[in-house]
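Which chain is which? The protein sequence lines are Z and B, in order. When the count follows our numbering, it moves up by one through the first sequence with no breaks and lands on 282 for the last residue. When the count follows our numbering, it moves up by one through the second sequence with no breaks and lands on 282 for the last residue. The structure under discussion appears below in the form of structure tokens.
There are 2 protein chains.
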Amino acid sequence: MKPPSRPEALRRRIPDAAVTRLPVYLQILNKSITEGVSQLSSDQLAGLAGLNAAKVRKDLSYLGSYGTRGVGYDVAYLVYQIKRELGLLNDWKVVVVGAGNLGNALTNYAGFSSRGFEVSAVVDIDSAKVGKKVGGVVVRHVDDLLSIVNNDKVSIGVIATPPASAQRAAELLVAAGIKSILNFAALVLTVPSDVSVRSVDLGMELQILGYYEQLNRPVACQ
Amino acid sequence: MKPPSRPEALRRRIPDAAVTRLPVYLQILNKSITEGVSQLSSDQLAGLAGLNAAKVRKDLSYLGSYGTRGVGYDVAYLVYQIKRELGLLNDWKVVVVGAGNLGNALTNYAGFSSRGFEVSAVVDIDSAKVGKKVGGVVVRHVDDLLSIVNNDKVSIGVIATPPASAQRAAELLVAAGIKSILNFAALVLTVPSDVSVRSVDLGMELQILGYYEQLNRPVACQ
DNA sequence: ATCTGTGAATCAATTCACAGCC
DNA sequence: GGCTGTGAATTGATTCACAGAT
Chain Z
61 MKPPSRPEAL RRRIPDAAVT RLPVYLQILN KSITEGVSQL SSDQLAGLAG LNAAKVRKDL
121 SYLGSYGTRG VGYDVAYLVY QIKRELGLLN DWKVVVVGAG NLGNALTNYA GFSSRGFEVS
181 AVVDIDSAKV GKKVGGVVVR HVDDLLSIVN NDKVSIGVIA TPPASAQRAA ELLVAAGIKS
241 ILNFAALVLT VPSDVSVRSV DLGMELQILG YYEQLNRPVA CQ
Chain B
61 MKPPSRPEAL RRRIPDAAVT RLPVYLQILN KSITEGVSQL SSDQLAGLAG LNAAKVRKDL
121 SYLGSYGTRG VGYDVAYLVY QIKRELGLLN DWKVVVVGAG NLGNALTNYA GFSSRGFEVS
181 AVVDIDSAKV GKKVGGVVVR HVDDLLSIVN NDKVSIGVIA TPPASAQRAA ELLVAAGIKS
241 ILNFAALVLT VPSDVSVRSV DLGMELQILG YYEQLNRPVA CQ
């Protein structure tokens, strides 16, 4: 047993559950900075995030030992460490498929660029929409997907099409070399096993919320 | 053996992780019906959902024993049972706060009404938007929230405002008696402990996706 | 022969509780 | 005295594996 020198390759894995909470901490910490807060204890952070202090400490300990005993965490430094871990120190290029209502909303979404993501392009299959501007980005034809992804080094695809076109959109993204897809269509996508998909479906979210509402009431997780 | 009369109160609790998968099964089953499929085995369902058969069987067993050994599950009956469990046999009324891009997209969202949810109203604080139509629903002023919620028995609020207004929107919903909130604003909301919040944040989803992308690649859960 | 339903076993996540540092 | 970092204990979720139903 002699683990000290930690080669980047076999960096200890952060548990999935903790990974999903890191962006939450990041958001809270960023907000705290704008409010002039420079130190936070695990207890305070937990209060802001709706979690408990032990979980916060455990989560942050996966990043390394960046707190100060008796004091708390330096907000700015923690922001840096979380960004480093999430790979947010360099920008990510994103392509949005579908220039309808949702594609529009997503592309206009302010929280995008402020968080290290840049919309390289919005593509649509409808030639009538090509050339129009959506949130400062010109809509291009879906046939250009491959060259957009290659030329612009796009690594993430966002599907904002109607459900009927979503599987086709996923296949086009995969064919263009995309390995990470964020899917907003109400459809379970079928993709090769080396492609990551996260699906966000409004209907499903409501159904889950409804379940807890009908039950006792005070449940669910933010 | 006589389980029939199951006192609503002490119905066995379904694990949270299983609850979040029920809507996925529901979506797949509904699609199967339109394709004329009437029977599915846990193995087939697992393939369609990207899960394994044991998990599917365990999840479905929480609903009761509705499969047939040696055969599989009757699709239509399973749909009914999942809907019953999720409380989707009766409609839910929803109010959307924020008539911007996102509110627009959400209200127009087809998957809404088809899944037991009805948008009672869209409200906005901007009087200029009041009276305009969004997806067949007239935009009303946020001051009417209380009466809308009361008169129309609305039980779920959806926040589709800019982050700066989201906390205020949440407070208005809570004041109007709403106990379940679906939040699309990039902000962690502070609400009383008897209120359920589910937050969906595009930026966070991308960050999580980015983490797995930068790491090895093939990860994440649909 | 096939496929469900479910205890038992395993694996992951959370919480506890306290030693170590400020 | 206050707060972090972390093993140990606990709780929850997943997977195994097989008895039981058709």
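Every residue gets a Cβ at the ideal spot worked out from N, C-alpha and C, and that includes glycine. Remember, it's a predicted structure, so these values are computed and weren't measured experimentally.
task = Evaluate contact between the region 230–248 of chain B and the region 262–276 of chain Z, counting only Cβ atoms and requiring at least three cross-stretch pairs below 8 angstroms.
result = The answer is yes - the region 262–276 of chain Z touches the region 230–248 of chain B, with three or more Cβ pairs under 8 angstroms.
inquiry  = My assumption, with CB atoms under 8 angstroms, is that GLY158 (chain Z) sits in contact with ASP184 (chain Z). Please give the rounded CB distance.
reply    = Within the first sequence, numbered from 1, the residue matching residue 158 (chain Z) stands at position 98. Within the first sequence, numbered from 1, the residue matching residue 184 (chain Z) stands at position 124. Contact between GLY158 (chain Z) and ASP184 (chain Z) holds, since their C-beta atoms are separated by about 6 angstroms, short of 8 angstroms.
Cut-off 8 angstroms between Cβ atoms - residues of its own chain near ASP76 (chain B), not counting five sequence neighbours on either side = In the second sequence, the residue the question calls residue 76 (chain B) occupies position 16. Within the same chain, and ignoring the five residues on either side of ASP76 (chain B) in sequence, no residue has its Cβ closer than 8 angstroms to its Cβ.
inquiry  = Can you tell me which residues form a DSSP beta bridge with ARG258 (chain Z)?
reply    = Locating residue 258 (chain Z) in the first sequence gives position 198, counting from the first residue. The partner list for ARG258 (chain Z) (beta bridge, DSSP) reads Z:LEU242.
Residue burial classification, PRO83 (chain Z) (beta-carbon count within 10 angstroms, cutoff 16) = Counting from 1 along the first sequence, the entry for residue 83 (chain Z) is found at position 23. Around the Cβ of PRO83 (chain Z), a 10 Å sphere holds 16 or more other Cβ atoms; the residue is buried.
query = Buried or exposed: which applies to ALA224 (chain B), given that a residue is buried once 16 or more other Cβ atoms fall within 10 Å of its Cβ?
reply = Against the second sequence, residue 224 (chain B) aligns to sequence position 164. Its Cβ having fewer than 16 others within 10 Å, ALA224 (chain B) is exposed.
ask   = What's the call for ASN161 (chain B), buried or exposed, on a 16-neighbour Cβ count within 10 Å?
value = As a first step, residue 161 (chain B) is located in the second sequence; it is residue number 101 there, counting from the start. By the neighbour-count rule (16 or more Cβ atoms within 10 Å), ASN161 (chain B) is buried.
ask   = Does any C-beta atom of chain Z lie closer than 8 angstroms to the C-beta of ILE88 (chain B)?
value = Along the second sequence, read from residue 1 onward, the residue named residue 88 (chain B) stands at position 28. Interface residue, yes.
task = Assign GLY130 (chain Z) to buried or exposed, taking buried as 16 or more other Cβ atoms, counted over all protein chains shown, within 10 Å of its Cβ.
result = Along the first sequence, read from residue 1 onward, the residue named residue 130 (chain Z) stands at position 70. GLY130 (chain Z) is exposed by the Cβ-count criterion.
inquiry  = I need the straight-line Cα distance from ILE93 (chain B) to LEU100 (chain B), nearest angstrom please.
reply    = Your numbering for residue 93 (chain B) matches position 33 in the second sequence. Your numbering for residue 100 (chain B) matches position 40 in the second sequence. Those two C-alpha atoms are separated by around 11 angstroms.
ask   = Rounded to whole angstroms, how far is the Cβ of ALA26 (chain Z) from the Cβ of ILE216 (chain Z), which I believe are closer than 8 angstroms?
value = Chain Z is shown only over 61 to 282; residue 26 (chain Z) falls outside these bounds and no answer can be derived.
query = Start and end of the alpha helix (DSSP H) containing GLY163 (chain B)?
reply = Taking the second sequence and counting its residues from 1, the one referred to as residue 163 (chain B) is at position 103. Run containing GLY163 (chain B): 161–168, per the alpha helix (DSSP H) assignment.
message = Counting only beta-carbon separations shorter than 8 angstroms, does LEU123 (chain Z) have a partner in chain B?
response = As a first step, residue 123 (chain Z) must be located in the first sequence, where it is residue number 63. Not one beta carbon of chain B lies nearer than 8 angstroms to the beta carbon of LEU123 (chain Z).
message = Nearest by alpha-carbon distance to VAL155 (chain B): which of B:ARG200, B:VAL179, B:GLY124, B:TYR137 is it?
response = Position 95 of the second sequence, counted from the first residue, corresponds to residue 155 (chain B). Residue B:VAL179 holds the alpha-carbon nearest to the alpha-carbon of VAL155 (chain B) among B:ARG200, B:VAL179, B:GLY124, B:TYR137.
inquiry  = Give me the residue from Z:ALA226, Z:ILE238, Z:TYR272, Z:VAL197 with the minimum Cα distance to VAL260 (chain Z).
reply    = In the first sequence, the residue the question calls residue 260 (chain Z) occupies position 200. The shortest Cα separation from VAL260 (chain Z) among Z:ALA226, Z:ILE238, Z:TYR272, Z:VAL197 belongs to Z:ALA226.
query = From the beta carbon of SER215 (chain B), is the nearest beta carbon of chain Z less than 8 angstroms away?
reply = Walking along the second sequence from the start, residue 215 (chain B) turns up at place 155. Yes, SER215 (chain B) lies at the interface with chain Z (some Cβ there is under 8 angstroms from its Cβ).
inquiry  = Short of 8 angstroms in beta carbon distance, which residues of its chain neighbour GLY132 (chain Z), apart from the five on each side in sequence? Order them along the chain.
reply    = Here residue 132 (chain Z) refers to the residue found at position 72 of the first sequence. These residues qualify, in order along the chain: GLN99, LEU100, SER101, SER102, GLN104.
ask   = Mind pulling the chain B residues with CB within less than 7 angstroms of TYR271 (chain Z)?
value = Counting from 1 along the first sequence, the entry for residue 271 (chain Z) is found at position 211. Correct list: VAL79, LEU146, GLY147.
key: Of the residues Z:VAL197, Z:ILE238, Z:HIS201, the one placed nearest VAL209 (chain Z), counting alpha carbons only   = For the purposes of this step, residue 209 (chain Z) is taken as residue 149 along the first sequence, with counting starting at 1. That would be Z:ILE238, whose Cα lies nearest to the Cα of VAL209 (chain Z).
key: ALA230 (chain B) - containing alpha helix (DSSP H), residue span   = In the second sequence, counting from the first residue as 1, residue 230 (chain B) sits at position 170. Per DSSP, ALA230 (chain B) belongs to the alpha helix (DSSP H) from 223–235.
request  = Taking C-beta pairs closer than 8 angstroms, name the residues in chain Z that VAL84 (chain B) reaches, listed in chain order.
outcome  = Position 24 of the second sequence, counted from the first residue, corresponds to residue 84 (chain B). Here the neighbours are VAL248, MET264.
request  = Determine the direct distance from the alpha carbon of ARG81 (chain Z) to that of LYS213 (chain B), and round the result to whole angstroms.
outcome  = The residue given as residue 213 (chain B) occupies position 153 in the second sequence. The residue given as residue 81 (chain Z) occupies position 21 in the first sequence. Their backbone Cα atoms lie some 34 angstroms apart in a straight line.
query = Considering only residues of the same chain and omitting the five flanking positions on each side of ILE195 (chain Z), which have a CB-CB separation below 6 angstroms?
reply = The count along the first sequence starts at 1 and reaches residue 195 (chain Z) at position 135. One point to set straight first is that residue 195 (chain Z) is Gly, not Ile, in the sequence displayed. Take GLY195 (chain Z), set aside five residues on each side of it, and the residues of its chain with a beta-carbon closer than 6 angstroms to its own are THR167, ASN168, in chain order.
request  = Closer than 7 angstroms, Cβ to Cβ, to anything on chain Z: give me those residues from the region 233–246 of chain B, in chain order.
outcome  = Result list: LYS239, SER240, LEU242, ALA246.
inquiry  = If we require 3 or more residues per run, which beta strand (DSSP E) segments fall completely within the region 99–161 of chain Z?
reply    = Runs of the beta strand (DSSP E) inside the region 99–161 of chain Z: 132–134, 152–157.
request  = Compare the C-beta of LEU100 (chain B) against all C-beta atoms of chain Z and say whether one is closer than 8 angstroms.
outcome  = Within the second sequence, the letter at position 40 stands for residue 100 (chain B). So, not an interface residue.
message = Taking its Cβ as the centre, do 16 or more other Cβ atoms sit within 10 Å of LYS193 (chain Z), making it buried, or is it exposed?
response = Taking the first sequence and counting its residues from 1, one reaches residue 193 (chain Z) at position 133. Classification of LYS193 (chain Z): exposed, given that the 10 Å Cβ count is below 16.
request  = Since I believe LEU138 (chain B) is in contact with LEU89 (chain B) (beta carbons under 8 angstroms), could you give me their beta-carbon distance rounded to a whole number of angstroms?
outcome  = The residue labelled residue 89 (chain B) in the question sits at position 29 within the second sequence. The residue labelled residue 138 (chain B) in the question sits at position 78 within the second sequence. With 8 angstroms as the limit, LEU89 (chain B) and LEU138 (chain B) qualify as a contact, their Cβ atoms being about 6 angstroms apart.
query = Given a threshold of 16 other Cβ atoms within 10 Å of its Cβ, counted over all protein chains shown, does ARG73 (chain Z) qualify as buried or as exposed?
reply = In the first sequence, residue 73 (chain Z) corresponds to position 13, counting from 1. Here ARG73 (chain Z) is exposed, its C-beta having fewer than 16 other C-beta atoms within 10 Å.
ask   = If we cut at 8 angstroms on Cβ distances, does ARG228 (chain B) have a partner in chain Z?
value = Here residue 228 (chain B) refers to the residue found at position 168 of the second sequence. Chain Z contact via Cβ: absent.
message = Applying the 10 Å Cβ sphere with the 16-neighbour rule, what's the burial state of GLY96 (chain Z)?
response = Indexing the first sequence from 1 puts residue 96 (chain Z) at position 36. In this structure GLY96 (chain Z) is exposed. Its beta-carbon is surrounded by fewer than 16 other beta-carbon atoms within 10 angstroms.
task = Would you mind reading off the limits of the beta strand (DSSP E) that contains ASP184 (chain B)?
result = Translated into positions along the second sequence, residue 184 (chain B) becomes position 124. Following the DSSP letters along the chain, one finds ASP184 (chain B) inside the beta strand (DSSP E) bounded by residues 177–184.
ask   = Using the rule of at least 16 other Cβ atoms within 10 Å of the residue's Cβ for burial, across every protein chain shown, is THR221 (chain B) buried or exposed?
value = By 1-based counting over the second sequence, the position of residue 221 (chain B) is 161. Looking at its Cβ environment, which holds 16 or more other Cβ atoms inside 10 Å, THR221 (chain B) is buried.
request  = Tell me, to the nearest whole angstrom, how far the beta carbon of VAL202 (chain B) is from that of LEU247 (chain B); I am working on the premise that it is less than 8 angstroms.
outcome  = To locate residue 202 (chain B), count along the second sequence from 1; it is residue 142. To locate residue 247 (chain B), count along the second sequence from 1; it is residue 187. A Cβ-Cβ distance of about 17 angstroms is found for the pair VAL202 (chain B) and LEU247 (chain B), leaving them out of contact under the 8 angstroms criterion.
request  = Compute the distance between the beta-carbons of GLN141 (chain Z) and GLY163 (chain Z), then report whether it is under 8 angstroms.
outcome  = For the purposes of this step, residue 141 (chain Z) is taken as residue 81 along the first sequence, with counting starting at 1. For the purposes of this step, residue 163 (chain Z) is taken as residue 103 along the first sequence, with counting starting at 1. Cβ distance not < 8 angstroms, so GLN141 (chain Z) and GLY163 (chain Z) don't count as in contact.
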